[in-house]
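Numbering (the working numbering), first residue to last: 216 to 298.
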């Protein structure tokens, strides 16, 4: 299963570890995750700067998405509700 993160960017769902809210106010824990990913050059910003709504933590990268965390979670787990 694949999850569309926005701006024509798709990742494998099994790589997702966490989907976190990035809307104001951003928690200190989420800020720290983003800062560490940037320092380690593992950050991928797929949104237009200033339009980030969610942080998607994967096993190898951290993505900033323009799509809300609630919507991303629905996309990632919709097949579990159907089954």
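Here a beta-carbon is modelled for each residue, glycine too, at the ideal position from N, C-alpha and C. The structure presented is a predicted model; accordingly, all values stated were derived computationally and were not measured.
Quick one: Cα of residue 286 to Cα of residue 269, how far?
10 Å
For residue 277 and residue 231, believed in contact at Cβ under 8 Å, the rounded distance:
Rounded, the Cβ-Cβ distance is 11 Å, inconsistent with contact.
DSSP three-state label for residue 242, please.
coil
Supposed close pair residue 284, residue 235 - CB separation, criterion 8 Å:
6 Å
DSSP three-state label for residue 284, please.
helix
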